[in-house]
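In what follows, a single structure is set out as structure tokens and then discussed.
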Amino acid sequence: MPNMNGLEYLKNVKRLDEYKNIPVIMFTTVDNPEVVERANKLGAAYYIIKPFTEDKMSEVLKAVGIV
């Protein structure tokens, strides 16, 4: 993302009342337990490391109630 990274975006969007209850799924190439923990603390519903399978995507979408 041009002006901020995903964690910064997540932090900013979760501050807004109209968006704080919307589940956020993080898609990333970063496989770092510290980053995953930070994303979870900031309010990410799920953290998916690319590449991922169709089955994984379906599982996550079902878990957050989209499918």
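My numbering puts the first residue of the sequence shown at 74, with every later residue one more than the last.
Ideal placement from N, C-alpha and C gives every residue a C-beta, glycine not left out.
For the pair residue 111 and residue 80, the Cα-to-Cα distance works out to about 8 Å. When C-beta atoms of the stretch 124 to 138 are compared with those of the stretch 77 to 94, fewer than three pairs fall below 8 Å, so the two segments do not count as touching. Approximately 5 Å separates the beta-carbon atoms of residue 118 and residue 137; this is inside 8 Å, confirming the contact.
By the Cβ-count criterion, residue 115 is buried, with 16 or more other Cβ atoms from all chains shown falling within 10 Å of its own Cβ.
One thing to note: residue 133 has its Cβ no nearer than 7 Å to the Cβ of residue 120.
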